[in-house]
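Protein chains in written order, with my numbering: chain A, 1 to 392; chain B, 1 to 392.
Protein chains: 2
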Amino acid sequence: MGRFIPLSIPNFEGNERKYVDDAIDQGWVSTGGAYITELEKRLAAYLHTDNVCACQSGTSALHLSLVEAGVVPGDIVLVPPVTFIAAVNPVRYQFAEPVFIDCDDSLCMDPLKLRRFCEEKCEVKDGRLIHNDKVVRALVVVHVFGNMADMEAIMDVAEKYNIKVIEDATEALGTRYTEGKYAGKFAGTIGHFGAYSFNGNKIITTGGGGAITANKSEVVDHLRYLSTQAKNDPHYYIHDEIGYNYRMTNIQAALGVAQMEELEEFVERKHKNYDLYKELFEGFELGRLLGYREGTYSNQWFYSLLIDRTKVTATMREIITKLQSEYGIETRAIWGLINEQLPYLKEECFELEKGPYYAARILNIPASTQLTEEDLRYTAEKVMAVLKELAE
Amino acid sequence: MGRFIPLSIPNFEGNERKYVDDAIDQGWVSTGGAYITELEKRLAAYLHTDNVCACQSGTSALHLSLVEAGVVPGDIVLVPPVTFIAAVNPVRYQFAEPVFIDCDDSLCMDPLKLRRFCEEKCEVKDGRLIHNDKVVRALVVVHVFGNMADMEAIMDVAEKYNIKVIEDATEALGTRYTEGKYAGKFAGTIGHFGAYSFNGNKIITTGGGGAITANKSEVVDHLRYLSTQAKNDPHYYIHDEIGYNYRMTNIQAALGVAQMEELEEFVERKHKNYDLYKELFEGFELGRLLGYREGTYSNQWFYSLLIDRTKVTATMREIITKLQSEYGIETRAIWGLINEQLPYLKEECFELEKGPYYAARILNIPASTQLTEEDLRYTAEKVMAVLKELAE
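So this is what it looks like as structure tokens:
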């Protein structure tokens, strides 16, 4: 096999094997064990928040957040069209209805359109925002590719209209504000709930895994209770609520504790690699590298090359296949718009313009923390060559 | 610390560490990887079935089965009162309604009462069983503690009334019929769906994990699709259905492959230990060890001592606490009746008699496969002594 530059793979340069072996040797591999609580402690310290619940996935973190936010069948939840579909599916797990709100140039929910939807398409009754006779209970704002959404403006709207804010920080562990009202606050710790993911492609991984935080410590305790089958104590089978099997396992958490030791190093490498890409793509006429919100320090998890569609008309599939087959470079298209997926075709969309624009133009290029300077130079060179070739 | 006899802990005497280390070294720790497919292959071969989907937990296996069975809000699902609450919660995840059907002396669903409920409390309309204007879509039959339910009689009723049968074999991996119509068939492979669990306390463990099978191979393929976020292919983000993040991870599956190599050995140890307990409790006047269904070979996962409540009136908590604190013996009460848990207090129950009877009387005694003959003799001796003491 020739050269292979993966898009985003795990990096196990630290104590991963040591801690996992320790969990196995102790026989603590399931949903109890010291690594779980240790991971929660380290996450809380890192995020400057009181309490974090480790769970099974970002999806389960989002689902539990919706449950805790009181989303019930028939409610409306405002969601983004440009993100991984797991940000929206939990709305359907609750048999509630999504309404798609467009993104801004950060790829995250546009606060102006969010406000306009609330003002123009809804009314307030008994302190609740109502749309088509349904309660708009919550919104899911995704910090896409590690880029912070405009949380100041979003929180303003949400507070005004009594909407619970679920921050989908599954891609944004480490992203924080450096300026403004929320200076020092991390993505996921600003809204009512914050969901993180430690899936295999994320900035740190536990294999499969996630975490939730909330703006009140006792709410996190309750989320932990729900995630452990709502068992009132470990020995007797008394359950006061409908629980879920959403707890992280100790073996996954062992990986996570090792990964937390490396997280800041990974973020620094992401920055270094982004800076080099930025330099390499400087002046390239067929595409430009998107940036991250000013006044924030992003984890720069993923890099987005915005392709000039007036010049490159090849499909994403052609571009990706060519890079993979000829140069061993793994890239991906941004997601298919969620509102265009079969299960969501009939759902309401509000002023979608930028979502479709970016969805047709973004190519994600390799972002693994192991990549060498040579890998990055090779990648940038070949990506530019392929786009030039396809533009001719 | 003095002696400690655990109730049911994992046994990692085989290749567990080797395979898990291999998964980490390869960087395949998430929801893709060779151990997942290997575990599925080994499970299918062991269960003599075509196709098995490895997933995140027994709970997720049950939930996916209900989804695939077409259970929607307002439907009715027939469930048992005596089991772990995770057998029933997924009914509520679908916003459907459980109706509790009593167990027989096997602790599993009573087919006679099931039939009576269908005959006397329901009517058939357009080929569908209707109760209180609601469709009785499915039933969940749990093979409690590894004891096979009376599947011949249950399948008869289910076929007659067009009810999908979800076998909760989470505790019964390895249990099979040796005689009768289903001779050679394993628990979980008789109904429409079968759910397995590899939680830490089960006969084999993957930390957290489970599996699903179905009576049609293509249905299992569809369950696998649903469990992997309903992604149509690995590279492009097209989803034709609402999916779930329910796939097993490769690191968990690595544990599972090692455990599968030991499964039959574990079942044999369970039998050997049961036989010794049987001998030791022979003639004990305050309790008797429950057996397993004739015409089956059970995995004998858990042992149930039925306490004579005319003589021992102490609470389960008193018995359990005394055994733990004075002798280091970990025991547990059977579960609290699900219909008596807060979230289910208002649900309908049908002729519950044996459920409450057994729920008040069963003490589960240590069943870990590591226990030595001396551990078992010590345990039996002390359990009898404590019950005698509390009966005085």
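Note that the Cβ used here is the ideal one computed from N, Cα and C, for glycine as well.
Whether residue i touches residue j by CB criterion (7 Å)
| i | j | result |
| --- | --- | --- |
| ILE242/B | ASN89/A | yes |
| CYS55/A | MET248/A | yes |
| TYR237/B | TRP335/A | yes |
| TYR203/A | ASN299/A | Sequence inspection shows Ile at residue 203/A; the Tyr mentioned does not correspond to that position. Contact: yes. |
| GLY291/B | THR170/B | no |
| MET148/A | THR296/A | yes |
| ALA61/A | ILE307/A | no |
| ALA391/A | VAL267/A | no |
| CYS53/A | ARG293/A | no |
| SER8/B | SER368/B | yes |
| GLY210/B | LEU39/B | no |
| TYR161/B | CYS108/B | no |
| HIS143/B | THR175/B | yes |
| VAL140/A | ASP168/A | yes |
| ARG269/B | ARG309/B | no |
| GLY14/B | ALA258/B | yes |
| VAL99/A | GLU348/A | yes |
| ARG377/A | ASP21/B | no |
| GLY191/A | LYS134/A | no |
| PHE302/A | LEU289/A | no |
| ARG116/B | VAL157/B | no |
| PHE84/B | ILE24/A | no |
| LEU305/B | LEU226/B | no |
| ALA138/A | ALA195/A | no |
| VAL394/B | ILE166/B | Any question about residue 394/B goes unanswered here, given that chain B covers just 1 to 392. |
Beta-carbon separation (whole angstroms), residue i vs residue j, contact threshold 8 Å
| i | j | result |
| --- | --- | --- |
| ALA359/B | VAL82/B | 6 Å |
| TYR35/A | ALA254/A | 4 Å |
| THR37/B | THR228/B | 13 Å between Cβ atoms; not a contact. |
Sheet register partners of residue i (DSSP bridge)
| i | result |
| --- | --- |
| ILE166/A | VAL140/A, PHE193/A |
| SER304/B | ASN364/B |
| GLY291/B | Paired residue(s): none; GLY291/B is not in a bridge. |
| ALA402/B | There is simply no residue 402/B to check, as chain B begins at 1 and stops at 392 in what is shown. |
| ARG176/A | PHE186/A, TYR297/A |
| ARG247/A | CYS55/A |
| PRO98/A | VAL77/A |
| VAL124/B | LEU129/B |
| CYS118/A | Bridge partners of CYS118/A: none, in fact. |
| CYS103/A | MET109/A |
| THR228/B | ASN245/B |
| LYS134/A | HIS131/A |
Local conformation of residue i per DSSP, three classes
| i | result |
| --- | --- |
| PRO81/A | coil |
| HIS63/B | helix |
| LEU129/A | strand |
| ILE154/B | helix |
| THR372/B | coil |
| LYS382/B | helix |
| ILE5/B | strand |
| HIS239/A | coil |
| MET260/B | helix |
| ILE203/B | coil |
| LEU255/A | helix |
| LEU276/B | helix |
| PHE266/A | helix |
| THR37/B | helix |
| SER217/A | helix |
| PHE281/B | helix |
| HIS48/A | coil |
| ALA87/B | helix |
| VAL20/B | helix |
| ALA391/B | helix |
| GLU68/B | helix |
| ASP233/B | coil |
Cross-chain neighbours of residue i in chain E, by beta carbon under 7 Å
| i | result |
| --- | --- |
| ALA333/A | Of the protein chains in the structure, A and B, none is chain E. |
4-residue-minimum alpha helix (DSSP H) runs that sit fully inside the region 297-360 of chain A, ordered along the chain: Correct list: 316-327, 354-359.
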